[in-house]
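Heads up, the thing below is written out as structure tokens.
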Amino acid sequence: LAGVALVAALGDSGDDSANQQQLTKIREELSDLRGEISTSTDAAQNSAKLVGEVSEGVKKLERQVSDLKDEQSDADGDIARIKRDLSDLSDRVDQVELAQEEAASGGP
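As structure tokens, this is what we get:
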């Protein structure tokens, strides 16, 4: 019986050593996974921050484009008014020239 107990103790001792090595390996893997999770979490937070910054930049550009469209519309209106005024002025000049020609030729 004493021999069986000794063999069992030695067998248990060997299993404990193997178990301890496996446990140490599992703890190391768990530590590595925690590090990877932490790194992934940091990367996700940085990505979310960058997405927010890009989104704000896009909104700013959209506002600027809208403002430029409004300014372009105003400029188009100004150009149309200037063209009308120029056409009216040209008609008046033509009328004055015609009146001068008629006056010079002794017309009405």
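Be aware that the sequence shown starts at 1, since it is given in full-length UniProt numbering, and climbs by one per residue. In this text, a Cβ means the ideal position worked out from N, Cα and C, and glycines have one as well. Remember, predicted model here, so these are calculated numbers, not experimental data.
- Message: Using only the alpha-carbon positions, how far apart do residue 95 and residue 88 sit?
- Response: 11 Å
- Task: May I ask you to report which of helix, strand or coil DSSP gives residue 18?
- Result: helix
- Message: Rounding to the nearest angstrom, what Cα-Cα distance links residue 44 and residue 31 in this structure?
- Response: 20 Å
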